[in-house]
Amino acid sequence: MELDDVMDGVFVPRLFNGTWISDHEFLFRDSDGAATIYNAKTLRRTVVMPNTTFRQMNVHQYSISPDRKYILLAIDYKKMYRHSFLAKYRIFNISNEHVVPLLHDDSNAMLQFAQWGRGGSQLVFVRDSNMFYMPQFSALTKPRPLTTNGENDVILNGVPDWVYEEEILQSNNAIWWSDDGTKIAYACFNDSAVDFINLPKYGDYHDVTNLYPQFRRFRYPKAGRNNPTVKLWVIDLTRMDYAKTEIVPPDDYKEKEFYFTSLQWVSHNRIAVTWLKRFQNSSLVSICDAAGLTYFCDNNLPRESHGSGWIDMQDKPVFGEDKRFYFIRLPLADGKAGYFRHVAMINTSVSTTNEDLKRDLQNLNGRKTFLTHGQFDVTKILAHHKDTNKVYYLTTLPSNPSQRHLFSVTDMNSDMPRTEECLTCDLGDDCTYHNAIFSPGAKYYILECLGPGVPWIDLRTTDNNTRLDLLDSNDNVRCKIESTAMPQLRTFNVPIEGGYNANVRLLLPPGLRDEEMVKYPMVINVYGGPGSQMVTDKFSVHWGSYLASRKNFVYSWIDGRGSGNQGDKRLHEIYRKLGSTEIEDQLNVASYLKNEIPFIDRYRTAIWGWSYGGYSTIMALATDSQVFNCGIAVAPVTSWLYYDSVYSERYMQMPWATDNYIGYEKADVTKKAANIKDKKLLLIHGTADDNVHTQQSLMLMKAITDAGVMYHAQVYPDESHSLSNVKSHLYRTMESFLDNCFGIPEGEERLPPQTEEKKR
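Residue numbering for the sequence shown follows our numbering, beginning at 293 and increasing consecutively.
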């Protein structure tokens, strides 16, 4: 296996790139790159925009208008943060293939967001943190402002600030259309009290006028510091004055610091909002009804963690057709094994003039009924089919958390409620990890088989789970895999403290034979963050595959306490004490592998990780001096005081003397700098990292320098958290470091086979 093939994406499979645009149609880019509408009823494809337009315009994103007359194109893309970007927007006319600017009098305007509405060719867009509306697109239509108080980095309308984008909404917008397109709900973020962070931008070294670095300044709340505040509004687009109505938080949230984590329209005058208190131990799903000048929100589904852990960002509820109930994942106890995430059916109140019916429904408001149970985690609720009363969801299996299968279960309105069926369990050993994307009415769905074999994509109907069309089999990747010496794969469990089992996966050199007493160096790839899962059946060929195939390294992952999708008891073991139990498990299992697996060279072991994995790497080196020879930390967190408030406080609470000051101190690797002595450490960071700031690595460098610890560092100017522009250099740097750590002579590709006899 060649590293260039891995870096160039030769082994990356194509996945579903489309979006459902009706109950039976989806828009996608076909194998020629053209924008195409696929009709699931007729299995016919209709090209609506040729690939030449994508190439000529350098299109970053596209979407079709509800009336199918236009395609909105985002061009000249400029990345901001993980999800957000600035772009110019163009309109492609499907009938004549002409392209015109969205804003004819300001064609070069860089917008933060633009989106079609629900009907015709209505549009909303955000510019300089203000929202604008066009009832229909035409070259003569002048946008009308919906907000006027916007100011970048201070008041943001319809687009999230950094922390909401990264940690909560995971989106570049905070705008929600009502189904009939007559109203828009949006969030207004006030960041005026949030601290700034400044990131340097060094620019082009070819530019002789580039003499001084510039600085990028944005708001970033850190643990215990001021957070943004938010208000939710609804605009009535049928009124000439575009009147605004506020969505008022429930009483228990009005005077407290809170987040909202999801919003969706239930009906023309009803909205569902999920609220979460800042400490992230109390949440509430509300049904909000229009009442005069405000939307009042009820207490439909309150939740408390009761001190045993945190409450994750709540899923968006999946509503039934008549809106009298919705489905959501909630924890359900299973004896001493603790809580697991399951499908719950929640009743809601319904607006009605029938007083008797209103009273009956009010008494049922918030009642929850679980549809699934057992020692497995439902990972996502996908859809509800009103005619069959079936809920579709993805889940692990009781005996195998590394798999993801598509199931259905009948709801409480069915003649046979709680009847479960696995729709993917019989697809073979090469297909045990799945995803599905359902049409709005849940009559059709896209099934993605994501591994462990080469992925493929089906179009299916929920009528008897019948395959209608094989959309992509990724034959090019399959052929490349078949002609490449791929690593062997082994998965097993290792007992760890607390009565748990760590899930372990090894990638082994293709030529490894158990009967031969040959020793191979081991590299452990660690993440360790709360809820993460490294050992899954998902297909992936990456740098670790290259190390195993080409370098004859054993490449390993370990999921211990704190990892996800195996119940809340295991997950919450690291609550208020990051950097403790999850690191102990990595160290103890690594020691087991070194000493008990005969083909692993106990004298040549390394650990590496990115982001939280970088933190875990440093903490592992600082905690135990015997397990690893060296470590590589890419973009590591070093102190949770330096990281964002939403993430740090969720798992550690507040860094105050009256709360968890000691926990933050114990989790700070800069306080353990002296313990890294006699270990080889490579620190890597990009100076434009808006997520884990370079400050994190620099403060550790100061600490280990003061402690007299020698280390290696690689800094990438103007690179973000992903280091996406320097991947080849990055991985060659890390490979060179590992070669040095394992004593591989310069110019040699791999270490000659080692045996115990040779070592003695």
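For glycine and all other residues, C-beta sits at the position ideal for the given N, C-alpha and C. All values derive from a computational prediction rather than experimental measurement.
- In this structure, the CA atom of PRO787 is about 15 Å from the CA atom of TRP849.
- When beta bridges are read from the DSSP output, MET341 appears opposite ALA327.
- Around VAL881, the same chain offers VAL786, ILE788, ALA794, VAL796, ILE850, GLY852 as residues with beta carbons nearer than 7 Å, after the five sequence neighbours per side are excluded.
- Under DSSP, the beta-bridge partners assigned to CYS714 are PHE699.
- Approximately 4 Å separates the beta-carbon atoms of LEU448 and PHE481; this is inside 8 Å, confirming the contact.
- Inside the region 934–999, DSSP marks whole alpha helix (DSSP H) runs of 4 or more residues at positions 937–944, 953–958, 986–998, from first to last along the chain.
- Rounded to whole angstroms, the separation of the alpha carbons of SER855 and THR828 is 12 Å.
- Per DSSP, reduced to three states, the secondary structure at GLU457 is helical.
- A straight line joining the alpha-carbon of SER694 with that of ILE910 spans about 27 Å.
- Here the region 984–991 makes no contact with the region 494–505; the two share fewer than three CB pairs at distances below 8 Å.
- The DSSP-derived three-state label of TRP932 is coil.
- When C-alpha distances from LEU432 are compared across ASP397, SER355, ASP420, the shortest belongs to ASP397.
- Secondary structure of ARG616 (DSSP, three-state): coil.
- In this structure, the CA atom of ASP322 is about 15 Å from the CA atom of VAL351.
- HIS1021 sits in a helix when the DSSP states are folded into three classes.
- Burial of MET993 is indicated by the presence of at least 16 other C-beta atoms within 10 angstroms of its C-beta.
- Secondary structure note for THR671: its beta strand (DSSP E) is the uninterrupted segment 670–677.
- Closest in alpha carbon position to VAL455, among ASP420, PHE510, SER1028, is PHE510.
- Among the bridge pairs identified by DSSP, ALA925 is matched with GLY901, LEU975.
- Under the three-state reduction of DSSP output, ARG336 falls in the strand class.
- Shortest Cα-Cα distance from HIS864 to any of GLY601, MET946, ILE638, ARG782 involves GLY601.
- In its chain, beyond the 5 residues on either side, ARG410, ILE476, ALA477, TRP557, HIS560 have a beta carbon closer than 8 Å to the beta carbon of SER470.
- The DSSP assignment places no complete run of the alpha helix (DSSP H) inside the region 499–527 (cut-off: 4 residues).
- ALA379 and VAL391 have their alpha carbons spaced roughly 16 Å apart.
- The way I'd put it, the region 829–838 does touch the region 734–746; three or more beta-carbon pairs between them come closer than 8 Å.
- The Cβ neighbour count for SER574, taken over all protein chains shown within 10 Å, is at least 16; the residue is labelled buried.
- Pairing ASN422 with ASP767, the inter-Cα distance amounts to about 47 Å.
- In the DSSP annotation of this structure, GLU596 is not part of any alpha helix (DSSP H); the continuous beta strand (DSSP E) holding it starts and ends at 593–596.
- A straight line joining the alpha-carbon of ASP703 with that of SER883 spans about 48 Å.
- Under the three-state reduction of DSSP output, ASP581 falls in the strand class.
- Put simply, the backbone Cα of HIS498 is about 16 Å away from that of GLN506.
- In this chain, the beta strand (DSSP E) harbouring TYR381 covers 377–385.
- Per the Cβ contact rule, the region 330–340 is not in contact with the region 364–380 (fewer than 3 Cβ pairs under 8 Å).
- For LYS371, the enclosing beta strand (DSSP E) begins and ends at 362–371.
- Using a 10 angstroms sphere on the CB of GLN348, the tally of other CB atoms stays under 16, which defines it as exposed.
- Around the beta carbon of CYS771, fewer than 16 other beta carbons lie within 10 angstroms, which makes this residue exposed.
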